[in-house]
Amino acid sequence: MKDLTNQRFGRQIAVKPCGKNKYGNVLWLCKCDCGNEHIVASGKLIQGKSKSCGCYALEVKTKSLEKHGITTGGKPRTFIIWNGMKARCFNPKSTSYKNYGGRGISVCEDWLSFENFHNWAIANGYSDDLEIDRIDNNGNYCPENCRWVSRSFNRNHQRKTRYIEAYGIKLNISQWCRELEISKKEAYIHLNNSEDDFCDFIKEKIDTGKGQVYFVNKFLGR
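Numbering-wise (our numbering), the sequence shown opens with residue 1155 and increments by one.
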């Protein structure tokens, strides 16, 4: 048996041997720098697989969570935003429900999971001084329709419906998606480039679909 007495392994010191495990490995009583005592197999100590009583791994995990706004002492701001978003869309008792769920606005299935929403937030520019904003105020809470903006920008943008004109027909984003039978995600691929790109896309869909005459008669022939 190799004597490990008083040798340091990471944050812990081997105190004394205290038997063997079922595999025949010598077990050592170790004292961690944090004050905890625990038992570790000699192989794990020698191979560097055990560095502490577990406190080091906990610290690493905690720092990683705190980096992304998640703390063990309370709920992160992204959780509060996520919870409020769901309440506005799904809870009729919410004071804001009439402006969201009452208008048919919902939260996409992927974001019903807080972890998914939080990961999207961190990957898309979230910081504590920003608010979530729906690009199309008639659209849902989903990755392709949301962004992080300043409070002042958000206040100015609220309920300002975005209209796009093609062939003299002016409709908002949701209306164009419905008429052309396209998804919001597909629409915003073009809108994120420019409104002109989306307008060209609309015209192409009209020309290769029901035709310009159909749309002009439907919206301008009244």
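Glycine residues also receive a C-beta, built at the ideal position from the N, C-alpha and C atoms.
query, result
"Coil, strand or helix - Cys1186 by DSSP", "strand"
"Own chain residues within Cβ distance below 8 Å of Lys1359, not counting five before or after", "Leu1334 and Ile1336"
"Per-residue DSSP class, three states only, for Cys1262", "coil"
"Counted within 10 angstroms of its Cβ, other Cβ atoms place Asp1157 as buried (16 or more) or exposed", "exposed"
"For Gly1238 and Glu1319, the rounded distance between their alpha carbons", "34 Å"
"Lys1159 to Glu1213 span [Cα, whole Å]", "In the sequence under discussion, the amino acid at residue 1159 is Thr, which differs from the Lys named in the question. So the alpha carbons of these two residues sit roughly 27 Å apart."
"Nearest to Ser1196 (by Cα), restricted to the options Asn1190, Gly1189, Tyr1210 and Gln1166", "Gln1166"
"Where the beta strand (DSSP E) containing Arg1288 begins and where it ends", "Glu1285 to Arg1288"
"Contact belief for Asn1288 with Tyr1295 at Cβ below 8 Å, rounded distance in angstroms", "Per the sequence presented here, residue 1288 reads as Arg, with Asn not at that position. The Cβ separation is near 6 Å, so the contact holds."
"Start-to-end residues for the beta strand (DSSP E) that takes in Ile1318", "Tyr1317 to Ala1320"
"Assigned secondary structure, Cys1331 (DSSP; H/G/I helix, E/B strand, else coil)", "helix"
"Terminal residues of the alpha helix (DSSP H) in which Leu1345 lies", "Lys1338 to Leu1345"
"Ser1204 beta carbon less than 8 Å from that of Cys1186", "no"
"For Ile1235 and Ser1250, the rounded distance between their alpha carbons", "14 Å"
"The alpha helix (DSSP H) enclosing Lys1198, as first and last residue numbers", "Ser1196 to Ile1200"
"Span separating the alpha-carbon of Tyr1368 from that of Cys1300", "33 Å"
"Where the beta strand (DSSP E) containing Lys1359 begins and where it ends", "Note, Lys1359: premise wrong, no beta strand (DSSP E); alpha helix (DSSP H) at Glu1349 to Asp1361."
"Residue of Cys1209, Ile1200 and Gly1178 minimising C-alpha distance to Gly1189", "Cys1209"
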